[in-house]
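**Student:** Basically the numbering used here = 1-based index in the sequence shown + 9. Every residue, glycine too, gets a C-beta built ideally from N, C-alpha and C. Since the model is a prediction, treat every value here as computed from it, not as a measurement. This is the structure, below, for whatever I ask next.
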Amino acid sequence: MHSPLKVNTGRILIKAKRALGQNFLIDENIARKIVNSANLSSKDIVIEIGPGQGALTKYIVENTKRLYAIEIDKRVIDILKENFPQKNVIFINEDFLELDIQKIFEKEKRKIKLIGNIPYNITSQILFKAIDNRAYLENCTFMVQKEVAQRIIAKSKTKDYGILSVITQYYGKPEILFKVSPNCFFPKPKVTSAVIKIDFIQTYQHKVEDELFRTLVRTAFGKRRKTLNNSLKYLPFYDEISQRLKNFKKFSLDKRAEELTVDDFIDFAKFISA
10 MHSPLKVNTG
20 RILIKAKRAL
30 GQNFLIDENI
40 ARKIVNSANL
50 SSKDIVIEIG
60 PGQGALTKYI
70 VENTKRLYAI
80 EIDKRVIDIL
90 KENFPQKNVI
100 FINEDFLELD
110 IQKIFEKEKR
120 KIKLIGNIPY
130 NITSQILFKA
140 IDNRAYLENC
150 TFMVQKEVAQ
160 RIIAKSKTKD
170 YGILSVITQY
180 YGKPEILFKV
190 SPNCFFPKPK
200 VTSAVIKIDF
210 IQTYQHKVED
220 ELFRTLVRTA
230 FGKRRKTLNN
240 SLKYLPFYDE
250 ISQRLKNFKK
260 FSLDKRAEEL
270 TVDDFIDFAK
280 FISA
């Protein structure tokens, strides 16, 4: 086997591109801890988002059946291929947001684990892509900005609670595993990071259409300081439900979106779609 020790995490091989949101992980212990948190087995199929210089790659490849490493920066692809000649790793020079996850799932016939020190400037887009492809995914283990991690796990009636909280918690069970200092990266970011894990759950029992649920949540939080009575008027289908809203008794529509739990949003979406 190709020893992970042959790849030096602390050696910077290329200059980070700000446009790509690159901050290379250079702490060996943190890299190992992140991969250990994913609980990989020899049967697992993994997609790594943005392997960069291979800090996580070298631990993933030793503990999984197959690794698809998706790297948008073509400068590092040849370096990665040279450092990781194992047959169970496939490097793809592509934007993860354009990746066909379903195709990989159909090829492997097994749900996929996502892992990555993801670019902080597109964290939300990556999360929503993962959610949209949840049928093919087992879970995600991501390094993100600490403030974003706090928003993802936030509960109602707190300042961090919002669209990201409700939608992520509707489709999965997120948790913050540990925080990571800026000193663990090069170049050093101005923010503290956190590693989160999201286990996807089946939402079919809710019997709510995805688009309706997301539209409801986004509209409710779109006018955050307004009560639901006022913010819901911005729903594209408000005229169709305005009369029926008078019969909703589960909770008062004088509340604001931040006061509703995820279950409240589910109940309300069910009422609207009935």
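(1) List the residues that DSSP assigns as beta-bridge partners of I99.
(2) Once DSSP output is grouped into helix, strand and coil, what is the label at N142?
(3) Could you check if L269 is buried or exposed, using at least 16 other CB atoms within 10 Å of its CB as the buried criterion?
(4) I need the DSSP call for D285, collapsed to helix, strand or coil.
(5) Hey, how far is the Cα of V200 from the Cα of K155?
(6) Assess, as a yes-or-no matter, whether the region 64-74 is touched by the region 39-52 under the definition of 3 or more beta carbon pairs within less than 8 Å.
(7) Beta carbon of F93, beta carbon of I58: below 7 Å?
(8) Would you list the residues sitting across from V55 in a DSSP beta bridge?
(9) Taking 8 Å as the limit between beta carbons, can you name the residues of its chain near T228, skipping five residues before and five after?
(10) Which residue from F209, V271, S133, V157 puts its Cα closest to that of V175?
(11) What's the gap between the Cα of D273 and the Cα of E220?
(12) Where E103 and I81 are concerned, what is the direct C-alpha to C-alpha distance, given to the nearest angstrom?
(13) Among T66, C193, S202, N142, whose alpha-carbon lies nearest the alpha-carbon of T177?
(14) Assuming Y77 and A40 make a contact with CB atoms under 8 Å, what is their CB distance in whole Å?
(15) For N97, which residues in the same chain have their Cβ closer than 6 Å to its Cβ, ignoring the five residues on either side in sequence?
(16) Please report the residue range of the beta strand (DSSP E) in which E37 lies.
(17) State yes or no: is the C-beta of I210 within less than 7 Å of the C-beta of P183?
(18) Helix, strand or coil, according to DSSP, for V204 in the structure here?
(19) May I ask you to list the residues that DSSP assigns as paired with T236?
(20) What is the DSSP secondary structure of T150, reduced to helix, strand or coil?
(21) In the DSSP assignment, what are the bridge partners of F93?
(22) Would you call T150 buried or exposed, if buried means 16 or more other Cβ atoms sit within 10 Å of its Cβ?
(23) Rounded to a whole number of angstroms, what is the C-alpha to C-alpha distance between G19 and I35?
(24) When the Cβ atoms of the region 187-195 are set against those of the region 165-175, are three or more pairs found closer than 8 Å?
(25) Measuring only the C-alpha atoms, how far is E91 from F100?
(26) Mapping the DSSP letters down to three states, classify I131 as helix, strand or coil.
(27) For P196, which three-state DSSP category applies?
(28) Which stretch, first to last residue, makes up the beta strand (DSSP E) that contains F187?
**Tutor:** Let me spell this out:
(1) Y77
(2) coil
(3) buried
(4) For the chain, the structure presents residues 10 to 283; residue 285 sits outside this window and is missing.
(5) 7 Å
(6) yes
(7) no
(8) L76, K122
(9) S240, L241, Y243, L244
(10) V271
(11) 17 Å
(12) 5 Å
(13) N142
(14) Not confirmed; about 19 Å, so no contact.
(15) R75
(16) Where E37 is concerned, there is no enclosing beta strand (DSSP E), although the alpha helix (DSSP H) it sits in stretches over 37-46.
(17) no
(18) strand
(19) R265
(20) strand
(21) BP columns for F93 are empty, so no partner.
(22) buried
(23) Its pLDDT being 46, under 50, G19 is placed unreliably by the model, and the measurement read from it follows with that caveat. Approximately 5 Å between the Cα atoms of the pair.
(24) no
(25) 11 Å
(26) helix
(27) coil
(28) 181-189
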